[in-house]
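Working notes for the structure below.
2 protein chains.
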Amino acid sequence: MNTVEAIMKRHSYRGKYKNEAVPKDDLITIMKAGLAAPSGCNKQTTSLIAVDDLEVLKRLFSVMDPPVGETAPAAICVLTERIIAYRDKCYAVQDYAAAIENMLLTITELGYSSCWYEGHICGDDRTGYKMAQILNVPDNYELVCFLPIGKAIEEMPVVQRKSFEERAWFNGFRK
Amino acid sequence: MNTVEAIMKRHSYRGKYKNEAVPKDDLITIMKAGLAAPSGCNKQTTSLIAVDDLEVLKRLFSVMDPPVGETAPAAICVLTERIIAYRDKCYAVQDYAAAIENMLLTITELGYSSCWYEGHICGDDRTGYKMAQILNVPDNYELVCFLPIGKAIEEMPVVQRKSFEERAWFNGFRK
């Protein structure tokens, strides 16, 4: 699969997963792809914890309401450090978003499915903080995203998108 | 080139570009890849303007200090609408960062080089706003990133990165 194919094939999967472990090597490949993303002023603000120990996964799901991706045999938790890159600028969000997109594309290429769960984690109920505590993450890191990983067993409806002409132009707005 | 190869090959290019036009079809492929990125609650907050008219490019460079990527024969300007996805949550930054990463990977796959210029655009001197005015972008859109596109003619030093073990673990922090 080339890059453009993976980009076009990637989609958010919210269905059930096959009960089949994800090999550690695949999780490493996915995390390496995430860490290869650019970061503002090369601050490398993103860190990752892969979870494939089913006991640990169960504990994570126990603090998530709802436990999104609950049938996945593995997951990656995305951590960020909100470091100033220069002056008053912090690019931590851009950094982890680029890392997540790299991981979603690699997940697609390796034949797995996933979904970018961020809103479920970063709400007022501090789910991300509870998950971080289970993983012994120190307070200078924030757990901002949860990516379940596994083989899909359901078909997902394709999301409706605006046309190219409504979002992309040449040499001027709406030209 | 498969996805992981493109992810590992992508790097920020800050050198001079070959004086050779980028075919419109390639710019369309790159923009389609950008628009295929996920967006929070599918709000599709990212829009794009490719610039390959050398007169327009010249006007853009005239308001940039320094005019980064000045020798590039084409560029893509990234626009965002800071729309609330739900409650008080806005995912515009995540949305455009994922779109930019998709474009950088596609640029790499097609044999071009680029660099994610955001800090240069979004500073106190409001460069992005001046560029947006040249492109007739209305005020509800913000121009947040400039991606020059062209063939590299210089070698760039590889950026130093922390080791995998310093940023990625299994089933717990630093495990």
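Sequence order for the protein chains is A and B.
For what it's worth, our numbering labels the leading residue of the first sequence as 22, then goes sequentially.
For what it's worth, our numbering labels the leading residue of the second sequence as 22, then goes sequentially.
All C-beta atoms, glycine included, are put in the ideal place defined by N, C-alpha and C.
All of these numbers come straight from a predicted model, not from anything done at the bench.
Asked: Cβ separation of Met-124/A and Tyr-34/A, assumed to be a contact under 8 Å, to the nearest whole Å; Found: Contact doesn't hold; Cβ gap of about 14 Å is too wide.
Asked: From Glu-187/B, Pro-88/B, Val-84/B, Trp-137/B, residue whose alpha carbon lies closest to that of Tyr-117/B; Found: Trp-137/B
Asked: Cys-62/B (DSSP reduced to helix, strand or coil); Found: helix
Asked: Separation of Asn-40/B from Leu-126/A, as counted between CA atoms; Found: 32 Å
Asked: Interface residues of the region 24 to 56 of chain B facing chain A [CB-CB below 7 Å]; Found: Thr-24, Val-25, Ala-27, Ile-28, Met-29, Ser-33, Thr-50, Met-52, Lys-53, Ala-54, Leu-56
Asked: Proximal residues of chain B, C-beta to C-beta of Ala-71/A below 8 Å; Found: Ala-189, Trp-190, Phe-191, Asn-192
Asked: Bounding residues of the alpha helix (DSSP H) (the contiguous stretch that carries Leu-81/B); Found: 75 to 83
Asked: Closest Cα partner of Ala-189/A within the set Cys-143/B, Ala-120/B, Glu-186/B; Found: Ala-120/B
Asked: Which residues DSSP lists as bridging Ile-170/B, in chain order; Found: Ala-95/B
Asked: Inter-stretch contact (C-beta, 8 Å, three-pair minimum) for the region 61 to 80 of chain B and the region 160 to 169 of chain A; Found: no
Asked: Proximal residues of chain B, C-beta to C-beta of Thr-101/A below 7 Å; Found: Under the 7 Å cutoff, chain B gives no residues; its nearest Cβ is about 11 Å from Thr-101/A.
Asked: Residues that Phe-191/A bridges to, as DSSP identifies them; Found: Ala-71/B
Asked: Residues from the region 118 to 135 of chain A in contact with chain B, defined by Cβ distance under 8 Å; Found: Ala-118, Ala-119, Ile-121, Glu-122, Asn-123, Leu-125, Leu-126, Thr-127, Thr-129, Glu-130
Asked: Cβ contact (3+ pairs, closer than 8 Å) linking the region 98 to 108 of chain B and the region 169 to 183 of chain B; Found: no
Asked: Own chain partners of Lys-266/B with C-beta closer than 7 Å, once the 5 adjacent residues on each side are dropped; Found: As displayed, chain B neither begins before 22 nor continues past 196, which places residue 266/B out of reach and without an answer.
Asked: Whole-number beta carbon distance between Leu-100/B and Ser-68/B, since they are thought to touch under 8 Å; Found: 4 Å
Asked: Exposure label - Gln-115/A; buried when at least 16 CB within 10 Å; Found: buried
Asked: Buried/exposed call for Ser-83/A, threshold 16 Cβ in 10 Å; Found: exposed
Asked: is_contact[Lys-79/A, chain B] using C-beta, thresh 7 Å; Found: no
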